[in-house]
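S.K.: So the protein lines, in turn, are chains A and B.
Start counting at 1 in the first sequence, then tack on 172, and there's your number in the numbering used here.
Start counting at 1 in the second sequence, then tack on 172, and there's your number in the numbering used here.
Protein chains: 2
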Amino acid sequence: MKIVPIQEFDLKREVDYGTPEQNATVKQIVRDIKVEGDAALLRYTEKYDRTALSSEQLRVTPEELKAAYERVEPSFVKAITAAASNIRSFHMRQKRNSWMDMQPDGSILGQIIRPLKRVGVYVPGGKAAYPSSVLMNVIPAQVAGVPEIVMVTPPGTNGKEGIDPYILVAAAEAGVNEIYRVGGAQAIAALAYGTESIAPVDKICGPGNIYVALAKREVYGAVDIDSIAGPSEIVVLADESADPAYVAADLLSQAEHDEMASAILVTPSQAFAEATSVEVARQLALLPRRDIAGASIENYGAIIVVESIEEGISVVNRLAPEHLEIVVEDPMSYVGSIENAGAIFLGPYSSEPVGDYFAGPNHIIPTNGTARFSSPVDVDDFIKKSSMIYYSKEALLQNGAMIMELARHEGLEGHARAIEVRLEKEGRVNNGQ
Amino acid sequence: MKIVPIQEFDLKREVDYGTPEQNATVKQIVRDIKVEGDAALLRYTEKYDRTALSSEQLRVTPEELKAAYERVEPSFVKAITAAASNIRSFHMRQKRNSWMDMQPDGSILGQIIRPLKRVGVYVPGGKAAYPSSVLMNVIPAQVAGVPEIVMVTPPGTNGKEGIDPYILVAAAEAGVNEIYRVGGAQAIAALAYGTESIAPVDKICGPGNIYVALAKREVYGAVDIDSIAGPSEIVVLADESADPAYVAADLLSQAEHDEMASAILVTPSQAFAEATSVEVARQLALLPRRDIAGASIENYGAIIVVESIEEGISVVNRLAPEHLEIVVEDPMSYVGSIENAGAIFLGPYSSEPVGDYFAGPNHIIPTNGTARFSSPVDVDDFIKKSSMIYYSKEALLQNGAMIMELARHEGLEGHARAIEVRLEKEGRVNNGQ
């Protein structure tokens, strides 16, 4: 792993907006589903997933869900159940109440907080079918109180293998029981506009390939969508108190995701930098995904030696990484200085996979430097707020003239008159004060 | 105003994505500002705002801000100060604390809530320069704790009149003192990428014309942006206990905004429908903006007579209006049934302009049916969250095997090894349990 002097690193990588052909294909699919409903949905499922289904076969049956449990190891069920419980506990802490503020004049102002009514979660097929992502998308919605959570996922390779049973178990543990075997842009369009078999949703979330990403962008506005994730990143800020073997393993766990993933070590110690570089090389050679991890380390990995932890923190804040590990003496003393990081892992035992799978916080975290202004997925992503104004007669009489002043200044006489008609009827005339 | 039977109304109107020429112009401007900085900013300001400025003249001086107070009426200052105070009080109620959850095994999980560091607010020039919008954009950011709030607004007509003093007073009352006299797509690009004179921001908000909207879309990703507002809407749900003159005035106050604005009355009473229709016609004839309001009422206005209040509520929930007034006996008893509405005004004295200008809740509210899944602007729009994980050694020893199980199931051996290297060093070996 390269040790490089401090310089203008940038974690931002190009966002894939698809080719013109991909965009045209997606637009056509979305249009067809919108117009033709199930007919188009079944046609595209046969075309792209090579699976012939009837409308009645789209939905996964309770029997299939139950049968999935018999196809997975008990140790997996134990682990996914424990993870789901932790994730649920953490997200429960984020729940908020509607509130009202009673004014002395009898007026009531407030904010009503409600869950979205129906949410769709996309789960990719094949090797990208991650049970952990099912939990991370579904549980926040469920904790928010969303009454209808629906999942879509491709029907399986050539319709033979069916849906991955691990995905079905994760869905069941997370509390989803409405699952449709459709994928790709056609599944996104079906969730957005509805078909005879699938009722439309208010929001669509979950990862997918470029067609899924383009389809989400295409239907945005008709429904809400989550943000589209870029390649994953980690920055480790460590000093000589850290174990180079631990840090190297954490850097590699990020690098193995994807050739575009980025793993960066920031340290004030040249000796630690060198020791970690050696460890990365040693461990990399033993990794099954060494080709991917190696490309990531080569192209987007770096060790930056800084003058001090404080300088390291300013590098971190500039990079605004998705994941940050702070592995120094007394890591908590630096947390207050971290302005930009999606998730912060503190101390030697908070390895990133602890958060990816198990501890409770969400693993869907802003990438590509966007932690500067955005946040990990949480319960807030599945609620909506309504303002509430109950104005008393006394409040209107008291403040009406000021409201009219502001409206008239903006040239909106109709606004002023909506107040004036009330003041007049209540026996007062606007006296300009 | 047309009385129509219940049918498939839809408040959605076409979103303006601009012409290809407008898109090309905006892309060129953004590119030039990004590359040339101030030089391009000054050039475009001269070209589009017909105002020749030097870099030193871009920023509004403290003297200008002070002088603005002498150019506005004391009654305006009084009203805007009172409005700012109410808006601040309401938004203060939305502030949230970072939190930590201490686990029995010594682990600490939490969510760190921080304000964005620097926010830019766009304020249009000319007739669309609304002091109330300055308050509604700036105050939530200020309450969130954003340390740097910067405003941009066109330099004025031909550079002669300068910036509207009412806007400057509103900015000062809201607490902004960094103001630049630039507008259009060039101002948005300067906020997003920075120039020699204007430091880049993390988020851009505020209304503007099509060029401003397209520029915000263009820079999104480099910075966050607010949502782009559609035409304004009101739905009034009223029964015979309401005053037709009040309801008509409220409908017209919405209609006068814009020919695309929509005003809809939903009522179970044919008599009330007819009385309100007559009142709308009477009051419309007296309105200065009767051409605009008349076109809005004609094209996007309607009175829908329903069987019952309950049926009316289902119409409301389907329309998901930006503004909803409930003017019936005991309006509070229906609030729990309102699933979709951006702002809810209850009772005869809660005329929409009360909320537009004064009461405290934000007047930037989701339009075009998006109240189904989005919310009025509030303090949450100016914060970001970071997850925090401090895992104890005990927790890792206890849970490590389950984390490895989940990682290995997903084919991410590097993730498993990041845990395993720690378990091994701590004198334990993964025993598969």
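Glycine included, C-beta positions come from ideal geometry on N, C-alpha and C.
Please list the residues of the region 307-320 of chain A that have a C-beta atom closer than 8 Å to any C-beta atom in chain B, keeping them in chain order.
M.R.: The residues in question: there are none.
S.K.: Which residues in chain A have a C-beta closer than 7 Å to the C-beta of Tyr506/B? List them in chain order.
M.R.: Here residue 506/B corresponds to residue number 334 of the second sequence, with the count starting at 1. Here the premise fails: no neighbours, minimum Cβ distance about 12 Å.
S.K.: Cα separation between Lys250/A and Leu578/B?
M.R.: Within the first sequence, residue 250/A is the residue found at index 78, counting from 1. Within the second sequence, residue 578/B is the residue found at index 406, counting from 1. Roughly 10 Å between the two C-alpha positions.
S.K.: According to the Cβ coordinates, are Arg461/A and Gly378/B closer than 8 Å?
M.R.: Along the first sequence, one-based indexing puts residue 461/A at 289. Along the second sequence, one-based indexing puts residue 378/B at 206. In this structure, Gly378/B does not lie closer than 8 Å to Arg461/A by Cβ.
S.K.: Which two residues bound the contiguous beta strand (DSSP E) that contains Thr439/B?
M.R.: Your numbering for residue 439/B matches position 267 in the second sequence. From DSSP, the beta strand (DSSP E) with Thr439/B extends over 434-439.
S.K.: Is the beta carbon of Pro326/A closer than 8 Å to that of Asp607/A?
M.R.: The first residue shown for chain A is 173 and the last is 605, placing residue 607/A beyond what the model contains.
S.K.: Would you kindly report the start and end of the unbroken beta strand (DSSP E) that includes Lys238/B?
M.R.: Position 66 of the second sequence, counted from the start, is the residue given in the question as residue 238/B. Looking at the DSSP string, Lys238/B is not in any beta strand (DSSP E); the run it does join, the alpha helix (DSSP H), is 234-241.
S.K.: Going by other Cβ atoms of all chains shown within 10 Å of its Cβ, with 16 needed for buried, is Ala443/A buried or exposed?
M.R.: Position 271 of the first sequence, counted from the first residue, corresponds to residue 443/A. By the neighbour-count rule (16 or more Cβ atoms within 10 Å), Ala443/A is not buried but exposed.
S.K.: Met504/B: buried (16+ other C-beta within 10 angstroms of its C-beta) or exposed?
M.R.: Here residue 504/B refers to the residue found at position 332 of the second sequence. Label assigned to Met504/B: exposed.
S.K.: Taking Val295/A as the query, report the chain E residues whose CB atoms sit under 8 Å from its CB, ordered along the chain.
M.R.: As a matter of chain content, chain E is missing from the structure shown, whose protein chains are A and B.
S.K.: Could you name the residues of chain B that Arg594/A contacts, counting a contact when the two beta carbons are closer than 7 Å?
M.R.: Residue 594/A sits at position 422 when you count from the first residue of the first sequence. What Arg594/A touches in chain B: Tyr418, Tyr521, Ser523.
S.K.: For the region 556-567 of chain A, which residues have a beta carbon sitting closer than 8 Å to at least one beta carbon of chain B?
M.R.: Per Cβ criterion, the list reads Lys556, Lys557, Ser558, Ser559, Met560, Ile561, Tyr562, Tyr563, Ser564, Lys565, Ala567.
S.K.: What three-state label does DSSP hand His581/B in the structure shown?
M.R.: In the second sequence, counting from the first residue as 1, residue 581/B sits at position 409. His581/B: helix per DSSP, three-state reduction.
S.K.: Just verifying my parser: in three-state terms, what is the DSSP assignment at Asp396/B?
M.R.: The count along the second sequence starts at 1 and reaches residue 396/B at position 224. Three-state DSSP puts Asp396/B in a strand.
S.K.: With Phe545/B and Asp396/A assumed to form a contact (beta carbons below 8 Å), what rounded beta-carbon distance in angstroms separates them?
M.R.: In the second sequence, residue 545/B corresponds to position 373, counting from 1. In the first sequence, residue 396/A corresponds to position 224, counting from 1. With a Cβ gap of about 4 Å, Phe545/B and Asp396/A count as contacting.
S.K.: The region 357-374 of chain B: which residues have C-beta closer than 8 Å to a C-beta of chain A, in chain order?
M.R.: Taking 8 Å as the Cβ-Cβ cut-off against chain A, the residues of the region 357-374 of chain B that qualify are Asp374.
S.K.: If you follow the beta strand (DSSP E) that Phe517/B is part of, which residue opens it and which one closes it?
M.R.: In the second sequence, residue 517/B corresponds to position 345, counting from 1. Segment 515-518, the beta strand (DSSP E) holding Phe517/B.
S.K.: Note down the Cα distance separating Ala364/A from Thr448/A, rounded to an integer number of angstroms.
M.R.: By one-based count along the first sequence, residue 364/A stands at place 192. By one-based count along the first sequence, residue 448/A stands at place 276. So the alpha carbons of these two residues sit roughly 48 Å apart.
S.K.: My output table needs one value for Val601/A: the three-state DSSP class, helix, strand or coil.
M.R.: Counting from 1 along the first sequence, the entry for residue 601/A is found at position 429. Caution is warranted here: a pLDDT of 49 is assigned to Val601/A, below 50, making its placement in the model unreliable, and no coordinate value can be reported.
S.K.: Rounded to a whole number of angstroms, what is the C-alpha to C-alpha distance between Asn471/B and Pro403/B?
M.R.: Along the second sequence, one-based indexing puts residue 471/B at 299. Along the second sequence, one-based indexing puts residue 403/B at 231. Cα to Cα, the separation comes out at about 13 Å.
S.K.: Whole angstroms is fine: what's the gap from Asp210/A's alpha carbon to Ala387/A's?
M.R.: Within the first sequence, the letter at position 38 stands for residue 210/A. Within the first sequence, the letter at position 215 stands for residue 387/A. When rounded, the distance between both Cα atoms is 17 Å.
S.K.: Hey, would you say Arg353/B sits closer than 8 Å to Ile339/B, going by beta carbons?
M.R.: Counting from one through the second sequence, the residue named residue 353/B turns up at place 181. Counting from one through the second sequence, the residue named residue 339/B turns up at place 167. Not closer than 8 Å, so no.
S.K.: So is Leu584/A in contact with chain B if we call contact Cβ pairs under 8 Å?
M.R.: Counting from one through the first sequence, the residue named residue 584/A turns up at place 412. So yes, Leu584/A belongs to the interface.
S.K.: Please classify Asn349/B as buried or exposed, where buried requires at least 16 neighbouring CB atoms within 10 angstroms.
M.R.: Reading the second sequence from its first residue, position 177 is the one you call residue 349/B. Classification of Asn349/B: exposed, given that the 10 Å Cβ count is below 16.
S.K.: For Lys597/B versus Glu390/B, is the C-beta distance shorter than 8 Å?
M.R.: As a working mapping, residue 597/B is identified with position 425 in the second sequence. As a working mapping, residue 390/B is identified with position 218 in the second sequence. No, they are not a contact pair.
S.K.: Taking DSSP as the reference, what is the three-state secondary structure of Asp221/B?
M.R.: If you number the second sequence from 1, residue 221/B lands on position 49. Note: Asp221/B maps to helix in three-state DSSP.
S.K.: Kindly indicate which three-state DSSP category Leu459/B falls into: helix, strand or coil?
M.R.: Counting from 1 along the second sequence, the entry for residue 459/B is found at position 287. Of the three classes helix, strand and coil, the one that applies to Leu459/B here is coil, per DSSP.
S.K.: In the DSSP assignment, find the alpha helix (DSSP H) that holds Tyr418/A and state where it starts and stops.
M.R.: The residue labelled residue 418/A in the question sits at position 246 within the first sequence. 416-427 is the span of the alpha helix (DSSP H), which, as asked, contains Tyr418/A.
S.K.: I'd like to check one pair, Gly380/A with Tyr294/A: are the Cβ atoms closer than 8 Å?
M.R.: Reading the first sequence from its first residue, position 122 is the one you call residue 294/A. Reading the first sequence from its first residue, position 208 is the one you call residue 380/A. Contact: yes.
S.K.: Which of the three DSSP states is assigned to Lys556/B in this structure?
M.R.: For this step, residue 556/B is matched to residue 384 along the second sequence. Strand at Lys556/B.
S.K.: Does Asp422/B get closer than 8 Å to chain A when you measure Cβ to Cβ?
M.R.: As a position in the second sequence, residue 422/B is number 250, starting the count at 1. For Asp422/B, the answer is yes, since a Cβ of chain A falls inside 8 Å of its Cβ.
S.K.: Does any heavy atom of the ligand COA sit closer than 7 Å to the C-beta of Tyr521/A?
M.R.: In terms of ligand content, the structure shown is empty, and the ligand COA therefore cannot be addressed.
S.K.: Could you tell me whether any Cβ in chain A is nearer than 8 Å to the Cβ of Ser486/B?
M.R.: Here the question's residue 486/B lines up with position 314 in the second sequence. No, no contact with chain A.
S.K.: Alpha carbon to alpha carbon, how far is Trp271/B from Leu458/B?
M.R.: Translated into positions along the second sequence, residue 271/B becomes position 99. Translated into positions along the second sequence, residue 458/B becomes position 286. For Trp271/B and Leu458/B, the distance between alpha carbons rounds to 56 Å.
S.K.: Residues in the same chain with beta-carbon distance under 7 Å from Ala126/B, minus the five sequence neighbours each way, listed in chain order, please.
M.R.: Chain B is shown from 173 up to 605; residue 126/B falls before or after that span and cannot be answered.
S.K.: Could you tell me the distance, in whole angstroms, from the CA atom of Glu218/A to the CA atom of Ala224/A?
M.R.: As a position in the first sequence, residue 218/A is number 46, starting the count at 1. As a position in the first sequence, residue 224/A is number 52, starting the count at 1. Roughly 5 Å between the two C-alpha positions.
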